[in-house]
Amino acid sequence: MRAIVQNTYGGPEVLAETELPLPEPGVGEIRIRIAAAGVNPTDWKHRNGSIPYDHGFPATTGWDVAGTVDKAGPGVTIFEKGDAVFGMLPYPYEPGGYAEYATGPARAFATKPDNIDFTEAAALPLASLTAWQALNDTARLTSGQRVLIQGGAGGVGHLAVQIARHLGADVTATASAADADFVRSLGAGQVVDYRGTTISDVLTDADAALVPFTGQTRLDSLRTVRRGGVLVSLLGADDAALALAEERGVRYRSMMVQSDHAGMQAIADMAAAGALRAKIHGALPLAQAAEAHRLGESGKIDGKLVLIP
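Reminder that position 88 of the sequence shown reads as 91 in my numbering, one-by-one numbering, no gaps.
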């Protein structure tokens, strides 16, 4: 099979197309003929070594895949050959999405809804699971609560706004003025221009906040959450944030996305109902993985990037 492989850390140029043996599914695994592979910031952070691979080199990055079950390993009962599926390979230990085929635990996947194509399906898993696990599982957001979504037009953020609305929350999101109408269209009741406004000047009673940033933005976000509320950080913690959370009586939770069959099923159900959609910036051939990383790292894309084997 064709796959994108790197043998050292570095810039996009270290990604090279090569031939690899077809992987065999183990116990509880399925092999997917990949129709589309999602591109996420963690992909280029692993590629450049800012997040090291656990297994060393050679390495094939990518965790988000959508495609057709090609073979089921021993013990698999929920899928069979020919099923259309999408999901996230076990993060961060077992990447391999930038290829024609990948194997992974059957229960890391869900059936692809008929109303979305493989390209959109591949853009959903990692970012949607991050938002779902942050808002539903960690913050335990319930109907009528108020939530702050920082970066409401971003890869995680635009999906988090939709998920929060699906859970019945009142959403305040930050975005640029140019993205404000888009974020409102996703369900945000209030959109704050982060370039000209300090969020804690306009919001002080949030029940929860989802924050994919560090530094002053994270500190300002903490000041928006009421005493007894929760802030979910996607980028760890530092002493200043932990101290301010303790001072304000805010629960501080740092999370990393995990493979999750129930979460993937919830995402599939939302997508099937038309309540969750990924914004696609573009789809590139697998051979152009390096270009996809250049585009992603530029910070100038509008939505998710997808690779097509």
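Beta carbons: idealized from backbone N, C-alpha and C, even for Gly.
- Item | CB contact flag (His169, Met91, <7 Å) | no
- Item | Test item: CB-CB of Leu25 and Tyr101 under 7 Å | no
- Message: Under 8 Å: do the segment 64-72 and the segment 81-98 share three or more Cβ pairs, one atom per stretch?
- Response: yes
- Just the C-alpha distance for Ile304 and Leu298, rounded to the nearest angstrom, thanks. 7 Å
- Task: With a threshold of 16 other CB atoms inside 10 Å of the CB of Gln153, please say whether the residue is buried or exposed.
- Result: buried
- Message: Helix, strand or coil for Gly397? Go by DSSP, reduced to three states.
- Response: Only positions 4 to 312 of the chain appear in the structure, and residue 397 is not among them; the question remains open.
- Item | 6 Å CB neighbourhood of Asp173 in its chain, flanking five on each side removed | Arg149, Gly192
- Going by Cα to Cα distance, which pick from Val68, Ala19, Pro44 is closest to Phe121? Val68
- Look at the Cβ atom of Phe89, then the Cβ atom of Lys115, and state whether they are nearer than 7 Å. yes
- Query: Closest to Asp117 by CA distance: which of Ala87, Ala39, Thr175, Arg143 is it?
  - Reply: Ala87
- Query: At what residues does the beta strand (DSSP E) containing Arg34 begin and finish?
  - Reply: 32-42
- Query: Considering only residues of the same chain and omitting the five flanking positions on each side of Val164, which have a CB-CB separation below 8 Å?
  - Reply: Ile152, Gly155, Val174, Ala176, Val186, Leu189, Gly190, Ala191
- If you draw a straight line from the alpha carbon of Ile301 to that of Ala211, how long is it in whole angstroms? Correcting the residue identity first, residue 301 is Ser in this sequence and not Ile. Looking at the two C-alpha atoms, the distance is approximately 30 Å.
- Message: Could you check whether the segment 219-239 touches the segment 136-150, counting it as contact only if at least three pairs of C-beta atoms, one from each stretch, sit closer than 8 Å?
- Response: yes
- Query: Would you call the CB atoms of Ser262 and Pro93 closer than 7 Å?
  - Reply: yes
- Task: Have a look at Val253 and Leu23 and give me their C-alpha separation to the nearest angstrom.
- Result: 49 Å
- Item | Beta-carbon proximity check, Thr63 vs Val17, cutoff 7 Å | no
- Query: With distances taken between CB atoms, is the gap from Leu310 to Ala292 smaller than 7 Å?
  - Reply: yes
- Sorted by chain position, which residues of the same chain lie with C-beta nearer than 7 Å to Pro28's C-beta, five sequence neighbours on each side aside? Arg34, Lys74, Ala75, Gly76, Thr106
- Message: One question on the structure: do Val194 and Ala209 come within less than 7 Å of each other, judged by their Cβ atoms?
- Response: no
- Task: Out of Arg110, Gly306, Ile166, Ala286, state which residue places its alpha-carbon closest to the alpha-carbon of Val79.
- Result: Arg110
- For Arg215 versus Val260, is the C-beta spacing smaller than 7 Å? The question names Arg, but residue 215 is Pro in the sequence shown. Taking 7 Å as the Cβ cut-off, Pro215 and Val260 do not qualify as a contacting pair.
- Message: Could you compute how far the alpha carbon of Gln269 sits from the alpha carbon of Glu249?
- Response: A quick correction: the sequence has Ala, not Gln, at residue 269. When rounded, the distance between both Cα atoms is 33 Å.
- Message: Between the alpha carbons of Asp46 and Pro61, how many angstroms are there, rounded?
- Response: 15 Å
- Query: Buried or exposed: which applies to His58, given that a residue is buried once 16 or more other Cβ atoms fall within 10 Å of its Cβ?
  - Reply: exposed
- Task: Would you mind sorting Leu245 into buried or exposed? The rule is 16 or more other CB atoms within 10 Å of its CB.
- Result: exposed
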